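Q: In my numbering, the protein residues as written are 19 to 255.
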Ligand SMILES: [Zn+2]
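1) Starting from residue 217 and walking both ways along the alpha helix (DSSP H), at which residues does that stretch end?
2) What is the DSSP secondary structure of residue 161, counted as helix, strand or coil?
3) Would you tell me roughly how many angstroms separate the C-alpha atoms of residue 62 and residue 68, rounded to the nearest one?
4) If you draw a straight line from the C-alpha of residue 40 to the C-alpha of residue 144, how long is it?
5) Kindly indicate the opening and closing residues of the beta strand (DSSP E) around residue 185.
6) For residue 42, which option in 181, 57, 236 and 160 has the closest C-alpha, if you only look at C-alpha atoms?
7) Given 7 Å as the limit, tell me if residue 44 has its C-beta closer than that to any heavy atom belonging to ligand 1.
8) Using 10 angstroms around the beta-carbon of residue 65, count the other beta-carbons present and answer buried if the total reaches 16, otherwise exposed.
9) State whether the segment 149–159 contacts the segment 181–192, with contact taken as three or more CB pairs (one from each stretch) at a distance under 8 Å.
10) Mind checking whether residue 171 and residue 46 have CB atoms under 8 Å apart?
11) Taking 7 Å as the cut-off, is the C-beta of residue 172 nearer than that to any heavy atom in ligand 2?
12) Is the segment 52–59 touching the segment 154–168 in the sense that three or more CB pairs, one from each, lie closer than 8 Å?
13) Can you tell me the Cβ-Cβ gap for residue 117 and residue 104, rounded? I've got them flagged as a contact below 8 Å.
14) Which residue's Cα is closest to the Cα of residue 211: 137, 155 and 179?
15) Have a look at 73, 106 and 70 and flag the residue whose alpha-carbon is nearest the alpha-carbon of residue 83.
16) Have a look at residue 73 and residue 216 and give me their C-alpha separation to the nearest angstrom.
17) Buried or exposed for residue 219, please, with buried defined as at least 16 other CB atoms from any protein chain shown within 10 angstroms of its CB.
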């Protein structure tokens with residue numbers, strides 16, 4: 019994203035166009051290509067689910083790696099889905115979603131204010147339940163600096179994709195530049211329902227038990243494989 023917003027975005031502005039003109043966007047999703055997390059669904063499984071749920075714009079945001087499998091981009095395009103090259107990078111201890119070549123939101127704590135001009139949008143975290151909502155501060159900062167809030171799923175499990183997303187009116191042409199302009203200028207709709215108690219328990223189970231176990235299985239087996247490999251031959255995920 020390289021241009022400045024033409025006016026202050028109004029993330030909660032209601033729709034002014036027909037319902038069928040709006041598109042669903044999720045710019046923070048992981049797949050099993052992720053080099054750091056142990057995710058159990060493929061980019062193509064994600065595309066199939068995205069198509070069935072009516073998504074038109076996605077970004078696969080691997081940790082510290084740009085997703086650049088050309089065949090997936092081609093397949094997404096054939097399905098009418100714009101896949102934006104992206105990554106989730108660790109910058110000075112904070113995770114930032116980078117789209118194309120520019121940073122686009124993130125939760126980097128107090129440095130967000132000091133570096134606010136570097137960011138085009140602020141991410142609305144999917145994980146909130148009842149009074150526990152870490153997005154309150156994000157909303158205040160977004161309002162204060164005229165930045166759009168962008169709801170994403172940060173999906174690490176396929177069923178988690180599809181519930182948290184941002185919608186905009188369909189641009190004239192579905193290009194990354196037009197989508198970014200729509201996100202900057204609004205109107206936007208954020209879909210990010212409060213977690214249910216079941217979601218909450220499931221997330222705690224996944225984060226503290228299931229995912230660490232998967233990581234041990236994934237990277238444990240890779241290390242074992244690597245130690246049995248010839249020098250210079252990297253294991254493939
Ligand atoms: Zn993430």
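Built from N, CA and C at the ideal position, the CB exists for glycine as well.
Predicted, not measured: the structure shown is a model, and the values here were computed from it.
A: According to the structure shown:
1) 215–223
2) helix
3) 10 Å
4) Roughly 21 Å between the two C-alpha positions.
5) First-last of the beta strand (DSSP E) with residue 185: 183–187.
6) 181
7) no
8) Around the Cβ of residue 65, a 10 Å sphere holds 16 or more other Cβ atoms; the residue is buried.
9) No, the segment 149–159 does not touch the segment 181–192.
10) yes
11) Absence of ligand 2 from the depicted structure is noted, with ligand 1 being the only ligands included.
12) Verdict: no, contact absent.
13) 5 Å
14) Nearest C-alpha to residue 211 among 137, 155 and 179: 179.
15) Of the listed residues, the one whose Cα sits closest to residue 83 is 106.
16) 25 Å
17) A residue is called buried once 16 or more other Cβ atoms fall within 10 Å of its Cβ, and residue 219, having fewer, is exposed.
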